[in-house]
Structures are given as structure tokens and as C-alpha cells.
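S.K.: Protein chains in written order, with the working numbering: chain A, 88 to 449; chain B, 88 to 449; chain C, 88 to 449.
Ideal Cβ positions, reconstructed from N, Cα and C, are used throughout, including at glycine.
Following this message is one structure expressed as C-alpha cells.
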Amino acid sequence: MRSVIDILDLSIEEINSLMDIAIDIDTHPSKYAKSCEGKKMATLFFEPSTRTRLSHEAAMLELGGTVLGLTGTESSSAIKGESVADTVKTVSCYADIIAIRHSFEGAALVASKNASIPVINAGDGGHNHPTQTLADILTIYREKGTLSGLTIGICGDLKYGRTVHSLVNGMTRYEGNRFICISPEELTIPEYTEHIFKEAGTEFEITDNLEEALPKLDILYMTRIQKERIEKPELFESLKGKYSLTVDNLAHAKPDMIVMHPLPRVNEISVKVDDDPRACYFKQCMNGKLIRMSLILKLFDEMIINTQKDFSPKGATYFGGYCHNNKCITHIEQELESQFYIDNDGVNRCIYCDYEISKEAK
Amino acid sequence: MRSVIDILDLSIEEINSLMDIAIDIDTHPSKYAKSCEGKKMATLFFEPSTRTRLSHEAAMLELGGTVLGLTGTESSSAIKGESVADTVKTVSCYADIIAIRHSFEGAALVASKNASIPVINAGDGGHNHPTQTLADILTIYREKGTLSGLTIGICGDLKYGRTVHSLVNGMTRYEGNRFICISPEELTIPEYTEHIFKEAGTEFEITDNLEEALPKLDILYMTRIQKERIEKPELFESLKGKYSLTVDNLAHAKPDMIVMHPLPRVNEISVKVDDDPRACYFKQCMNGKLIRMSLILKLFDEMIINTQKDFSPKGATYFGGYCHNNKCITHIEQELESQFYIDNDGVNRCIYCDYEISKEAK
Amino acid sequence: MRSVIDILDLSIEEINSLMDIAIDIDTHPSKYAKSCEGKKMATLFFEPSTRTRLSHEAAMLELGGTVLGLTGTESSSAIKGESVADTVKTVSCYADIIAIRHSFEGAALVASKNASIPVINAGDGGHNHPTQTLADILTIYREKGTLSGLTIGICGDLKYGRTVHSLVNGMTRYEGNRFICISPEELTIPEYTEHIFKEAGTEFEITDNLEEALPKLDILYMTRIQKERIEKPELFESLKGKYSLTVDNLAHAKPDMIVMHPLPRVNEISVKVDDDPRACYFKQCMNGKLIRMSLILKLFDEMIINTQKDFSPKGATYFGGYCHNNKCITHIEQELESQFYIDNDGVNRCIYCDYEISKEAK
Chain A
88 MRSVIDILDL
98 SIEEINSLMD
108 IAIDIDTHPS
118 KYAKSCEGKK
128 MATLFFEPST
138 RTRLSHEAAM
148 LELGGTVLGL
158 TGTESSSAIK
168 GESVADTVKT
178 VSCYADIIAI
188 RHSFEGAALV
198 ASKNASIPVI
208 NAGDGGHNHP
218 TQTLADILTI
228 YREKGTLSGL
238 TIGICGDLKY
248 GRTVHSLVNG
258 MTRYEGNRFI
268 CISPEELTIP
278 EYTEHIFKEA
288 GTEFEITDNL
298 EEALPKLDIL
308 YMTRIQKERI
318 EKPELFESLK
328 GKYSLTVDNL
338 AHAKPDMIVM
348 HPLPRVNEIS
358 VKVDDDPRAC
368 YFKQCMNGKL
378 IRMSLILKLF
388 DEMIINTQKD
398 FSPKGATYFG
408 GYCHNNKCIT
418 HIEQELESQF
428 YIDNDGVNRC
438 IYCDYEISKE
448 AK
Chain B
88 MRSVIDILDL
98 SIEEINSLMD
108 IAIDIDTHPS
118 KYAKSCEGKK
128 MATLFFEPST
138 RTRLSHEAAM
148 LELGGTVLGL
158 TGTESSSAIK
168 GESVADTVKT
178 VSCYADIIAI
188 RHSFEGAALV
198 ASKNASIPVI
208 NAGDGGHNHP
218 TQTLADILTI
228 YREKGTLSGL
238 TIGICGDLKY
248 GRTVHSLVNG
258 MTRYEGNRFI
268 CISPEELTIP
278 EYTEHIFKEA
288 GTEFEITDNL
298 EEALPKLDIL
308 YMTRIQKERI
318 EKPELFESLK
328 GKYSLTVDNL
338 AHAKPDMIVM
348 HPLPRVNEIS
358 VKVDDDPRAC
368 YFKQCMNGKL
378 IRMSLILKLF
388 DEMIINTQKD
398 FSPKGATYFG
408 GYCHNNKCIT
418 HIEQELESQF
428 YIDNDGVNRC
438 IYCDYEISKE
448 AK
Chain C
88 MRSVIDILDL
98 SIEEINSLMD
108 IAIDIDTHPS
118 KYAKSCEGKK
128 MATLFFEPST
138 RTRLSHEAAM
148 LELGGTVLGL
158 TGTESSSAIK
168 GESVADTVKT
178 VSCYADIIAI
188 RHSFEGAALV
198 ASKNASIPVI
208 NAGDGGHNHP
218 TQTLADILTI
228 YREKGTLSGL
238 TIGICGDLKY
248 GRTVHSLVNG
258 MTRYEGNRFI
268 CISPEELTIP
278 EYTEHIFKEA
288 GTEFEITDNL
298 EEALPKLDIL
308 YMTRIQKERI
318 EKPELFESLK
328 GKYSLTVDNL
338 AHAKPDMIVM
348 HPLPRVNEIS
358 VKVDDDPRAC
368 YFKQCMNGKL
378 IRMSLILKLF
388 DEMIINTQKD
398 FSPKGATYFG
408 GYCHNNKCIT
418 HIEQELESQF
428 YIDNDGVNRC
438 IYCDYEISKE
448 AK
């Protein structure tokens, strides 16, 4: 059974093929209107995310399938009473594919290991959110005509923002891209993102100045800065304006730069920017739906032709020990034994949340 | 894009045509069973209203369409994080039509201005609820065979009750109707409803005595009196019985009078009245579904023939100023500028909630 | 209109026929894929039960029907504002069949008396849950090839566990079954269950020792012991291990014994047991969906051929008096008069919750 838990579960060729089908769906929707007739998607949203849930549901419905939902409050009670493994074993009796969202890291991997149907990770805590990254990559491809040789500005909360980490993971796999990382010092990219850049040989720059960076960019990827991430309230107040995209500062950007945002926004992009043709964040929504349709089709297709690909190509693993990430699913799932792998740099990591355990072991 | 935000957005001719189609749907349901195949309705219920939500969903399903839902808790978190405008811009990527309910007045108008798909107002605070009024009008038409020359008793909370205000707006447009307004003095009709009666040349009477009024009525429209609306608890206790319809007092009504109620009821109509053939409140439910089916068809139809009708025919508007209605959407929506119009009496009003601003400006 | 409120509403022949169709659905799903096209199920879950709700929804969708939902929070507000009778009268306008779950006993019976469409009881408090019992019986039939002559161990909370009471009701109707009731003394079977055994002439044994009982069993039906049911915390701790099924103690069971559980489990069955071929609790899930499909078909079928069978064959009833069960629906439903029947032993019982009123009357 094939599942998609991490953007790295998909090869470049697979991503290209997903994009081709997504574009074909957009062009010839009626061709696909009955592709999933008689099939059901279960949306297991153990933490609420209306936008992501509706996108998956719309994707399934446009393929002619139906949807079984699990939402908000209900799921929080589910979370207490039952393990992820038991939930997905049960849901495998009711549905044909699962989209899961969970606040604990690694929950989607646990789901994919226990389900007898394909699983799409719709966000596991701060860890992975591969379909958002696919939507981002498709948007870049459709708007810029290429995925290579681009100068990409990522702006906002680069320390905790899951979306930018995944985007970096995705876009450093293509040739000649260059990143400008724009954030307050307190929220700059973490060490491991820097490591990804170096490993991939991707040029990158760190700055706290959006206005200076703006004219150089082909893509500006804005994210939200959450008040609670900044220790000093007066610093937050000063940043609010600094990292807010307005019609005025957009005047200094290239005429073909595109503005992206994973949404929801608060005030980091002025509503007035929406009318600018460079504003692409609602196109991202549409592309999100299209790429999810494409992914659903792919997963059903692989099920039929019975491809037995390992969904988590992390090499040899070993049991034992303890993961020190307190958001890791291993801490709440019943009888789930910790399991680890050694990455290319020799670091021991939890297979569920990819947390470095060697650090803690010291 | 055509939307329905206010009952006044529809002409008498349009209402007549909606009713004809609703009746045809009731007679020949199979003719319409696939009319909306491949289309999706998003029910954006930012405040819970199970009955109204299920009615819209049932309508869409019976037309062969599908439904994407947003409910209760989930939406309350949505409300904090994202503007109505952003929500509907996103949902326009996922669905083909929106039914929206919101606790702030004017929210549906904001939605219709930002969506690229038709919007049905399923209730915006105490402001508008046009599909309830359509259901009421259809019920009167089917049960009485006419919409003119009727004596209509409205009973209960006439001050705050949104449903009766809309009904007055709807039924004063037809010839020769007469209203008897039955309520405790504290909850009598507001000045602007009186104004509507006078403007339309509709005869009306104000009384606090249900028993005296009952024999004169062709229609009795009951509404609930909420305890918290009455200052003195002892007054509420005395009213409870006074405005309760029982098998006993129904004996004094005309044999062909009809009893209506927007539901849910608490105790203002005894359960035993349900078996009386004059009880029409569950027929109202059924008519509510039918008229919503008719409306959905109309909105999709106008979309196809591309009618570009102004959805809010309030004449010239101007920006600036501040709406003093603290339930107005302008107070919570990001970057939404206040906007006003001048009504036929020269009163300045907010285009979102129709609140008179001149009063406050003094 | 036929409804299923209690497992005893169905004759042995009807249960056999439901099982035959369920097995046929499993074998030839495509034959049934459009059986309920154009039909809608309303899932009225006034108390959350994700598993049961999804099972009903999956059943309806696999028959080609659609679903209208009512979930968690929303319903709790519904519960305050409106009677069960009014809710189902309204929902009868929107849907073709109702599955209802409610925390008050007798709520499903009230629903069936007021709906104009069939009602399936999906659990009314601690009272009835007939579709769970049907799933259990189907699982036993499919796994053991018979419903007679079996030694059935029921283990865990036998005092409050609704599932085991229903199972006893169901399985004592078949010949030659024998029960071993395994529980701590505090949670042993109540008097009325003992009475059912005696009435049916079913052999039974009471013990607190799972290990001793295990080798004798054809079926082990495990249930969860809730911490709050045991007064002394130290006793709960000692029981936890005692009533936990592990790979080790399963070694002493017959090779063809089957392990059942209504789920969700907490720790009374080790996750490692899941891989044992005797573990049948996820098969129960699948069978639950299949038997619900079968039941939906039967109820629609009987509606068409217009069978007017009394849904609650409790004999003569009388009005008046008061039910002393504080979880009985008569205490919250508007204008619902208490009603009683006299059972075979001369005990006066509430028709809604089957509570013995004679005891209290003393």
C-alpha cells in the first residue's frame, strides 16, 4: 500500500507526473468527474484545519467520490479514547483512502503503517505537510514556467514555520535556485534548514530586511509571525509593519514576481494586494485542490497495480531507546515502540518525527 | 454573479417564479434529481443552526449535488483567524455555491462581494434571512391559494424577531393584506416596522391580547419569546401562558386559519396542536427545502446566462464614517471600509447592516 | 413505518435474513452499489460516537445513498432548544431514514413514534444498541458457522456494559449456548441479566478468573473496565492486568476460539494480539457496516411494501405515573406523558427505558 507522509516520499519524476495530471484535470475536468465513483475518503482531522480539510474533500468530490468526515470536537474525544492505529484499522473498514491531520509528529506514519488503505498526511504537528508543498511547487511551475534558477524569498517565521521547511526541502531538489531568508533574528532558519541548503549546494542569504530583498526576488513566500513566538511585545509591534506587504512596497518588486502565502493570513499581506496580478495565494488554493486530485488518482492507481514501494525510505532502522521530542506520537500511542534510523550525516533520528536523538543522548 | 442576501433582492415576479418551480419540484421530483450533478454547495455556518443547514444540504442533495460542510466549533476558530472575505475567496476554489450563516450583520453581503460563486444568505445576525421568508411566503401561497387580502397575526417577540420583520417586508408588497401585531408592550414592533406598514399603505393593529385577535385571523404566525428579553421575571411568567397556543384557544380560530412558526418552538404551541389540520409549521420545513431547491437552480441558471444584476440595489453609496451598530461586520472584518447609502426617507444607512447612522451622528 | 429500536424488535428469522443479505453484499458489492440512489440518511448523533456514526454513513454511501449529518457540539445545542419529537418531524422533511444516538434512554423510541421515516437506534444511553448486537451475531455466525451450542465468555464490566446485555439478549434466543461471566465482583452481571439466563434456560457461570475460564471458551467477548466504575483505585490497578488479554494468556485458549470486542479498547487487549488469527474485533467493524447495509435495505423495502408492524411489541400499555430512571427521555421531552407496560413476570415497566417502576412505587 502506497502512502504519502513526507514530500521526500515522492521522487522528482513522480512530482512532475503529478503536476502534469493536475494541469490536465484543470483543462479537462469532465474527463475525471467519475474517476473515483464508489470510492470514499475519510478525512480524519484530529486537529481542526478547515481549509486543508475542505481542499481534500473538494478534490475527492470532484473525482466523483464521497467523503466521510471526522471533525473538531468529536476528534478530540477520539484522541483520548483510542490509538491512531486502532482508529485507522477501523476506518479501513469504512473508507478507501484516508487524509489524516494530527497535532503529534509522526501520527501520519503510524496511520500508514496500520491502515490497509492509502494514507495522505494532511499535516502532523510541526513536522510534515507534503500536499501543501506540492501545491506550492505546482503554483511556482504554473506561474514561472520552471522550477529551476529562481530567487525565492521566504519571509516571516522561518524558525517554526512548517510550510517553509517543506518548501526548502522541495525546492532545493531543483537546480540553480537561490534562497533569501527574511525574518527577525529570533525567528531565523534553524540549523537543520541551513544544513539542507549546504548539503544541496543551494545558495542562501539571511537578512531581516524585506524592502532590500524585495527587488531581487522571483518569488516572495510570506508566512505569518505569531505574536507568542516573539518574547518582547515591543519587538513584535515593530516587526508587524516591517513584514507587511502593501501596495506601496510591492512597487519595488519585479513586475513578474509572484507573491505566495500558505494562508490564512492575518495582516502580513494587505487585502489591497489581492487585486495585483502578482498575488498568487488564492491560485495556490486552487492548485492545492488540483494536486490533491492528482495524488488521490495516483494512490488508487498504484493500489491497483499493486506497487509495493517502501513509503519511508529511511534505510535500516533499529528499535529501543526513547525519543525526546515531546510532540512525538511515540509518547501517546499505545504500545508503540520507539524506532530510529541513522541519517547521511550519521545522526540518529526517530523514524516518526525525525528528531535527532544523539543530541539528547549526550 | 447573482446572490441573494435580502428578500428585497428578489422582485415579486422572481418570487412568483421561484414558487412555481418549487411546486413543480414537489410534484415531479425525479425531473430535478440530477439538475446539480457535479456541483458542490459549501455550507459556511459560522454560527450553528442545524435546521437551516440541513435544509440547504437536503436541497442540494435532492438536486443531485454534493455538500462541503463547515460546522460549529470549527467555524468559531475560523472566525478568529480569518476574514469572511478570505474564507469565501478560498471556498470559491472548492465549491460552486455558498450558503453562509454568521452572527454579524452584513457578513453575507461581504461574502457575496468577495466570492466568485453565488452566495445565499442563511442568516446574518438579527439582520436578514431571506430563504426563511421565501419558505413562509410559499407556505401561505400553497395553503391559502393567494398572497393578497389576508389578515395576518404576528405573535410573540415582534421587537427582536428577525423572522417577523422579514415577513412584514415580504407580505406588505402584496395587495390588501392586514396585520395584527400581538405582543407584550415591551416586545411590540419597532418604529421601522411601523414605518414599513405606513409606507406600503398596509393596515395594522397593535394588541397584547391573542385570544381577542384569534377569531379575525387567516394566518397566525407564532414566534418564541425569549426569557432574557423580558426584564421582570414575573411578567415573563404571566406571558408564557398568554401567548401559548393550545387546542382550547384554537377552538376560537377560523376553521381555515393556518398556524405558522419558524421553529424551533419551546412552549408557545402545544404539541397537541400538531394534529390539528391548521398546524402548518412542519409544512413550512418542507416548503423551506423546496424553495431552496428552486433558488439554487435559479442562481446556477443566472450564472450560466450571465445576468449581471446588482445584488444590492441600494442606489448611490459613499465611503467614510463609522457604523455604530456593534453587531455590524465592519467591526471585525480586516480592512473593510465603512460604506453608506441614503434611503428613500433621507436616512443614512450602513450598506452592510442597514443601521441608521444619522441618529448616532447627532 | 418500520423502525429498529431494540434487538427484540427483530425475529430470529428476520435476523437470519439480514445476515444472508449482509454476506451477499460482502460477496457481490457491486449488485448493491446503487440500491439507495437518491435516498438520504440523517445521522442524528446527539452524543458523539464517531465509530458508530461512520459505520452508518459508510453503509449508506456504499448503497449509493447520501448522508446528512448532525454532530457533537451542534447537537448539544440542539438538545437544549428542541424536543426529539420536533427534531425528527423536521428531519423527516429532509431525509429518508434516520440513525439516532442519544444519551437519554428511550429517545430512539420517541423518535420512531414521531418520524414519518424509518428510525435506527444507534444507541440510547445505556439502554439499547441493536445494530452492535447484529454485528456481533453476524461475526459469530461467520466465524463459527453456527449460533448454537457455543461457550461464550463475557469479560470486563458486566454490570454497566450495554453491549454485553444486548449480546445476552441476542444469543440466549439460540439453542444450547452457555455463558461464562468473567468480572470483578463489583462489576458482575445485574439481576435482570441473570433473570434472562434463567428464563431462557441458558446455562451460565460466574467467575472472576479469566485465565481459568479461557481454555473452555469458543468466544471471548472482552469489554473495557472504566476506572470510575471501581471504587478503590488499588483494586482497579490489580484488575487492569488480570483482565488484559495478551499473547501469553491467549496461548491457553482453544485454537479456534474467537476474540471479540465492541471497541474502542484501552488496554484490555494487547496490540500484539491483533496479529493472531483469533482476533476478530476489526472483522466486527466490517460486519457492522455490512449488517447496517442489510438493515437499511430491509427498512426501505418494508416501507415500500407498506408493512405496518408494531415496532415495539410490548403488549398493552397504560398512561400515568412517573418513571424514576433519571436517564429516561420522559424527563426532558416536552409534553411527553409517561407510559408503562406489564412484562411477563408482572413487573410494571416504562415503555421508553424499560425501567421497573414497581420497585420504586413501593
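Can you find the residues in the same chain that come closer than 6 Å, C-beta to C-beta, to residue 366 of chain B, ignoring five residues on each side of it along the sequence?
M.R.: By 1-based counting over the second sequence, the position of residue 366 of chain B is 279. The residues are 346, 360.
S.K.: Assuming the contact rule is C-beta atoms closer than 8 Å, residue 421 of chain C and residue 354 of chain B should be a hit. Round their C-beta distance to whole Å, please.
M.R.: As a working note, residue 421 of chain C is residue 334 in the third sequence. As a working note, residue 354 of chain B is residue 267 in the second sequence. Right, their Cβ atoms sit about 7 Å apart.
S.K.: Should residue 242 of chain B and residue 180 of chain C be called a contact, given that it needs their Cβ atoms to be closer than 8 Å?
M.R.: Taking the first residue of the second sequence as position 1, residue 242 of chain B is located at position 155. Taking the first residue of the third sequence as position 1, residue 180 of chain C is located at position 93. No, they are not a contact pair.
S.K.: When you compare the CB positions of residue 363 of chain C and residue 386 of chain C, do they come within less than 8 Å of one another, or not?
M.R.: Counted from its first residue, the third sequence places residue 363 of chain C at position 276. Counted from its first residue, the third sequence places residue 386 of chain C at position 299. No, the Cβ-Cβ distance between residue 363 of chain C and residue 386 of chain C is not below 8 Å.
S.K.: Does the count of Cβ pairs from the region 103-119 of chain A and the region 96-116 of chain B closer than 8 Å reach three?
M.R.: Result no; under three Cβ-Cβ pairs closer than 8 Å.
S.K.: At what residues does the beta strand (DSSP E) containing residue 189 of chain A begin and finish?
M.R.: What you label residue 189 of chain A is simply residue 102 of the first sequence in a count that begins at 1. That run of the beta strand (DSSP E) goes 184-189.
S.K.: Roughly how many whole angstroms lie between the Cα atoms of residue 447 of chain A and residue 430 of chain A?
M.R.: Taking the first residue of the first sequence as 1, we reach residue 447 of chain A at position 360. Taking the first residue of the first sequence as 1, we reach residue 430 of chain A at position 343. Any reading at residue 447 of chain A must be qualified, since the residue scores a pLDDT of 46, below 50, and its modelled position is unreliable; no value is offered.
S.K.: Out of A:141, A:150, A:175, A:229, point me to the one whose CA is closest to residue 205 of chain A's CA.
M.R.: For the purposes of this step, residue 205 of chain A is taken as residue 118 along the first sequence, with counting starting at 1. That would be A:175, whose Cα lies nearest to the Cα of residue 205 of chain A.
S.K.: Can we say the region 139-146 of chain B touches the region 119-130 of chain A, given the rule of at least three CB pairs closer than 8 Å?
M.R.: No, because fewer than three Cβ pairs between the region 139-146 of chain B and the region 119-130 of chain A fall closer than 8 Å, the two stretches do not touch.
S.K.: Residues of chain B with CB under 7 Å from residue 127 of chain C, in chain order?
M.R.: As a first step, residue 127 of chain C is located in the third sequence; it is residue number 40 there, counting from the start. Ordered by position in chain B, the residues that pass the 7 Å Cβ test against residue 127 of chain C are 145, 148.
S.K.: Nearest to residue 380 of chain B by alpha carbon, out of B:106, B:93, B:235?
M.R.: As a first step, residue 380 of chain B is located in the second sequence; it is residue number 293 there, counting from the start. Residue 380 of chain B has its Cα closest to that of B:106, out of B:106, B:93, B:235.
S.K.: By alpha-carbon positions, which one of A:310, A:324, A:384 ends up nearest to residue 356 of chain A?
M.R.: In the first sequence, the residue the question calls residue 356 of chain A occupies position 269. Residue 356 of chain A has its Cα closest to that of A:310, out of A:310, A:324, A:384.
S.K.: Does the CB of residue 180 of chain C have a neighbour CB from chain B at under 8 Å?
M.R.: Position 93 of the third sequence holds residue 180 of chain C. Answer yes: the Cβ-Cβ gap between residue 180 of chain C and chain B drops below 8 Å somewhere.
S.K.: So what does residue 215 of chain B bridge to, in DSSP terms?
M.R.: By one-based count along the second sequence, residue 215 of chain B stands at place 128. According to DSSP, residue 215 of chain B bridges with B:211.
S.K.: From residue 276 of chain B to residue 307 of chain B, what distance separates their C-alpha atoms?
M.R.: Within the second sequence, the letter at position 189 stands for residue 276 of chain B. Within the second sequence, the letter at position 220 stands for residue 307 of chain B. C-alpha separation (whole angstroms): 16 Å.
S.K.: If the criterion is Cβ atoms closer than 8 Å, does the pair residue 186 of chain C and residue 211 of chain C meet it?
M.R.: Translated into the one-based positions of the third sequence, residue 186 of chain C becomes position 99. Translated into the one-based positions of the third sequence, residue 211 of chain C becomes position 124. Their beta carbons are not under 8 Å apart, which means residue 186 of chain C does not touch residue 211 of chain C by this criterion.
S.K.: Can you pull the chain A residues whose beta carbon is under 7 Å from the beta carbon of residue 176 of chain B, in chain order?
M.R.: As a first step, residue 176 of chain B must be located in the second sequence, where it is residue number 89. Those are 369, listed as they occur along chain A.
S.K.: In angstroms with no decimal places, state the Cα-to-Cα distance between residue 208 of chain B and residue 149 of chain A.
M.R.: Counted from its first residue, the second sequence places residue 208 of chain B at position 121. Counted from its first residue, the first sequence places residue 149 of chain A at position 62. Approximately 25 Å, taken between the alpha carbons.
S.K.: Could you work out which residues of chain C lie near residue 106 of chain B, taking near to mean beta carbons separated by less than 9 Å?
M.R.: Sequence index remark: in the second sequence, residue 106 of chain B carries index 19 (1-based). Neighbours of residue 106 of chain B on chain C: none; closest Cβ ~17 Å, over 9 Å.
S.K.: Which residues, in order along the region 326-360 of chain B, keep a beta-carbon less than 9 Å from a beta-carbon of chain C?
M.R.: For the region 326-360 of chain B, which is checked against every Cβ of chain C, the residues closer than 9 Å are 350, 351, 352, 353, 354, 357, 358, 359.
S.K.: So residue 402 of chain C packs on residue 425 of chain C, CB below 8 Å; how close in whole Å?
M.R.: Here the question's residue 402 of chain C lines up with position 315 in the third sequence. Here the question's residue 425 of chain C lines up with position 338 in the third sequence. No, residue 402 of chain C and residue 425 of chain C are not in contact; Cβ-Cβ is about 17 Å, not under 8 Å.
S.K.: To which residues does DSSP link residue 366 of chain B through a beta bridge?
M.R.: Stepping through the second sequence from its first residue, residue 366 of chain B is reached at position 279. Paired residues: B:346.
S.K.: Would you identify the three-state DSSP class for residue 233 of chain C, choosing helix, strand or coil?
M.R.: Here residue 233 of chain C corresponds to residue number 146 of the third sequence, with the count starting at 1. Residue 233 of chain C: coil per DSSP, three-state reduction.
S.K.: Run down chain C in chain order and give the residues with a C-beta less than 7 Å from the C-beta of residue 153 of chain A.
M.R.: If you number the first sequence from 1, residue 153 of chain A lands on position 66. The contacting residues are 148.
S.K.: Which residues does DSSP pair with residue 281 of chain A in a beta bridge?
M.R.: To locate residue 281 of chain A, count along the first sequence from 1; it is residue 194. Answer is none; residue 281 of chain A lacks a bridge partner.
S.K.: Can you tell me which of the three DSSP states residue 250 of chain C falls into?
M.R.: The residue labelled residue 250 of chain C in the question sits at position 163 within the third sequence. Of the three classes helix, strand and coil, the one that applies to residue 250 of chain C here is helix, per DSSP.
S.K.: Measure the Cβ-Cβ separation of residue 442 of chain A and residue 404 of chain A and say whether it is below 8 Å.
M.R.: Residue 442 of chain A sits at position 355 when you count from the first residue of the first sequence. Residue 404 of chain A sits at position 317 when you count from the first residue of the first sequence. No, the Cβ-Cβ distance between residue 442 of chain A and residue 404 of chain A is not below 8 Å.
S.K.: Kindly indicate which three-state DSSP category residue 338 of chain B falls into: helix, strand or coil?
M.R.: Here residue 338 of chain B corresponds to residue number 251 of the second sequence, with the count starting at 1. Residue 338 of chain B: coil per DSSP, three-state reduction.
S.K.: By DSSP, does residue 95 of chain C sit in helix, in strand, or in coil?
M.R.: As a working note, residue 95 of chain C is residue 8 in the third sequence. DSSP places residue 95 of chain C in helix when its eight states are reduced to three.
S.K.: Counting only beta-carbon atoms, is residue 172 of chain A nearer than 8 Å to chain C?
M.R.: Taking the first sequence and counting its residues from 1, the one referred to as residue 172 of chain A is at position 85. Residue 172 of chain A counts as touching chain C.
S.K.: Would you kindly work out how many angstroms separate the C-alpha atoms of residue 104 of chain B and residue 157 of chain A, rounded to a whole number?
M.R.: Stepping through the second sequence from its first residue, residue 104 of chain B is reached at position 17. Stepping through the first sequence from its first residue, residue 157 of chain A is reached at position 70. Rounded to whole angstroms, residue 104 of chain B to residue 157 of chain A spans 39 Å at the Cα level.
S.K.: Rounded to a whole number of angstroms, what is the C-alpha to C-alpha distance between residue 182 of chain B and residue 189 of chain C?
M.R.: Here residue 182 of chain B refers to the residue found at position 95 when the second sequence is read from its first residue. Here residue 189 of chain C refers to the residue found at position 102 when the third sequence is read from its first residue. Distance between the alpha carbons of residue 182 of chain B and residue 189 of chain C: 33 Å.
S.K.: Taking CB distances under 8 Å as the criterion, tell me whether residue 424 of chain C reaches chain B.
M.R.: Position 337 of the third sequence holds residue 424 of chain C. By this cut-off, residue 424 of chain C is not an interface position.
S.K.: Kindly list the residues whose CB is nearer than 7 Å to the CB of residue 240 of chain A, restricted to its own chain and excluding five residues on each side of it in sequence; keep chain order.
M.R.: What you label residue 240 of chain A is simply residue 153 of the first sequence in a count that begins at 1. For residue 240 of chain A, where only same-chain residues beyond five positions count, the Cβ hits under 7 Å are 267, 269, 300, 304, 306, 307, 308.
S.K.: Three or more beta-carbon pairs under 8 Å between the region 219-226 of chain B and the region 255-263 of chain B, yes or no?
M.R.: Touching, yes.
S.K.: Which one of A:279, A:423, A:374, A:265 has the shortest CA to CA distance from residue 434 of chain A?
M.R.: Taking the first residue of the first sequence as position 1, residue 434 of chain A is located at position 347. For the residues A:279, A:423, A:374, A:265, the minimum Cα distance to residue 434 of chain A belongs to A:279.
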